[in-house]
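Residues in the sequence shown are numbered consecutively from 55, following our numbering.
Each residue gets a CB set at the ideal place from its N, CA and C atoms; glycine is no exception.
In this text, all values refer to a predicted model and were calculated from it rather than measured experimentally.
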Amino acid sequence: MEINKKLNLKKEAAIISEYFSPRIISEVNDQYVKLAKIKGENIPWHNHKDEDELFYIIEGSLLMEIENEPSFEMKTGDLFVVKKGINHRVSSVNECLIMLIESKSTQHTGNVVSDVTKNIDQQKY
Numbered sequence: 055m056e057i058n059k060k061l062n063l064k065k066e067a068a069i070i071s072e073y074f075s076p077r078i079i080s081e082v083n084d085q086y087v088k089l090a091k092i093k094g095e096n097i098p099w100h101n102h103k104d105e106d107e108l109f110y111i112i113e114g115s116l117l118m119e120i121e122n123e124p125s126f127e128m129k130t131g132d133l134f135v136v137k138k139g140i141n142h143r144v145s146s147v148n149e150c151l152i153m154l155i156e157s158k159s160t161q162h163t164g165n166v167v168s169d170v171t172k173n174i175d176q177q178k179y
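1. By the 10 Å Cβ neighbour count, where 16 or more other Cβ atoms means buried, how is Glu156 classified, buried or exposed?
2. How close, in whole Å, do the beta carbons of Ser159 and Ile97 come, if the pair is a contact with beta carbons under 8 Å?
3. If you drop the 5 nearest sequence neighbours on each side, which residues of the same chain put their C-beta closer than 6 Å to that of Trp99?
4. Rounded to a whole number of angstroms, what is the C-alpha to C-alpha distance between Glu127 and Leu116?
5. What residues are listed by DSSP as bridge partners for Ser162?
6. For the beta strand (DSSP E) that contains Leu133, what are its first and last residues?
7. Assign Leu63 to one of three DSSP states: helix, strand, or coil.
8. At the level of alpha carbons, what is the spacing between His162 and Met153?
9. Flag this pair as yes or no: are the beta carbons of Val87 and Asp106 separated by less than 8 Å?
10. What does Lys54 pair with, by DSSP beta-bridge criteria?
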């Protein structure tokens with residue numbers, strides 16, 4: 055990851071070939087800035103015990119599900135923060151491009167391991 059590099063989110067996203075596979079594109083203090091493409095329903099219910107997770111929809115729409123709450127659709131330009139300890143999962147009928155801002159300690163699917171779970175090394179370009 056280069057320091058002082060201007061990034062174009064859509065160009066960075068063009069490199070992503072797998073759904074539900076976040077890619078770290080930058081850092082801000084103790085946070086990673088990540089891009090991910092979402093399509094389908096592969097993310098398991100999970101939470102991040104000690105970290106909040108910011109979702110920003112760059113393109114498309116995303117179904118956000120919060121346990122024991124009504125689900126809601128996020129559209130291009132929407133932002134939502136899942137607070138630490140809250141069970142959640144996301145899905146999308148059509149391809150959706152999202153930006154995530156997460157603490158460097160955030161595990162992809164919390165303590166739940168599934169076939170889509172990626173460790174930090176797998177999230178680096």
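A quick look at the data gives this:
1. To locate residue 156, count along the sequence shown from 1; it is residue 102. That one is buried.
2. For the purposes of this step, residue 159 is taken as the residue at position 105 of the sequence shown. For the purposes of this step, residue 97 is taken as the residue at position 43 of the sequence shown. The pair is not a contact, with the Cβ atoms about 19 Å apart (cut-off 8 Å).
3. Taking the sequence shown and counting its residues from 1, one reaches residue 99 at position 45. Here the set comprises Asn141, Arg143.
4. On the sequence shown, position 73 is the one that residue 127 refers to. On the sequence shown, position 62 is the one that residue 116 refers to. Taking the straight line joining both Cα atoms gives about 6 Å.
5. Here residue 162 refers to the residue found at position 108 when the sequence shown is read from its first residue. Note that residue 162 is His in the sequence shown here, rather than Ser. DSSP output for His162 lists no bridge partner at all.
6. The count along the sequence shown starts at 1 and reaches residue 133 at position 79. Leu133 -> beta strand (DSSP E) spans 133-136.
7. Your numbering for residue 63 matches position 9 in the sequence shown. Of the three classes helix, strand and coil, the one that applies to Leu63 here is helix, per DSSP.
8. Residue numbering aside, residue 162 sits at position 108 when the sequence shown is read from its first letter. Residue numbering aside, residue 153 sits at position 99 when the sequence shown is read from its first letter. Each residue's alpha carbon lies about 14 Å from the other.
9. Within the sequence shown, the letter at position 33 stands for residue 87. Within the sequence shown, the letter at position 52 stands for residue 106. Contact flag unset, no.
10. Since the first residue of the chain shown is 55 and the last is 179, residue 54 is not available in this structure.
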